[in-house]
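Position one of the sequence shown corresponds to residue 509 (our numbering), numbered consecutively onward.
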Amino acid sequence: RDVERSRGLGDVYKRQLVDLYPTIVEHTGYEVPQLLEGESLVPLLNDPLADWNKPAISQVIYSRDEAYGFSLRTDRWRYTEWKKGAAGRELYDHSNDPDEITNLADYPEHAALVKKLSDQLKPYVETMRMASDSPKSGG
């Protein structure tokens, strides 16, 4: 059980910074505001083997209205869509390819997984609003 427990703790790295504030609030005995995007990690601190199905989401913006991407990370997979998939998709199997050498997104045997991960990512992508104006330079 100790080996399994320590292995479970290693999975905490996939949690997000938005989860940190609700974790601190709950851990100190205060009520966590419902309006927060993140979720408390206290259940994982109490039991590292507890179920946690929330993926980690990250966002990359190269330049306004030019290229932006969202990634979803699960225990095994990292899936990325660039410009809602129009500029490309990436799928990496971290169990077999931790260095992300082989993009599996276009492999037919992974089509159902790509669809599933894309559907999970969609609510996060839909919240993104790209600014229509370029950043102003100071002067």
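No residue lacks a Cβ here, since even glycine has one placed at the ideal position from N, Cα and C.
Simplified DSSP assignment, three categories, for residue i
i: I569; result: strand
i: D627; result: helix
i: E608; result: coil
Residue i burial status per 10 Å Cβ neighbour count (16 or more: buried)
i: L543; result: exposed
i: D607; result: exposed
i: P541; result: exposed
i: R586; result: buried
i: V622; result: buried
i: D527; result: buried
i: T588; result: buried
i: A613; result: buried
i: R584; result: exposed
Delimiting residues of the beta strand (DSSP E) encompassing residue i
i: Y587; result: W585 to W590
i: L599; result: R597 to D601
According to DSSP, residues forming a beta bridge with residue i
i: Y615; result: DSSP output for Y615 lists no bridge partner at all.
i: G577; result: V568 and W590
*Please list the segments of the alpha helix (DSSP H) lying wholly inside the region 528-566, counting only runs of 4 or more residues, in order along the chain.*
528-535 and 550-554
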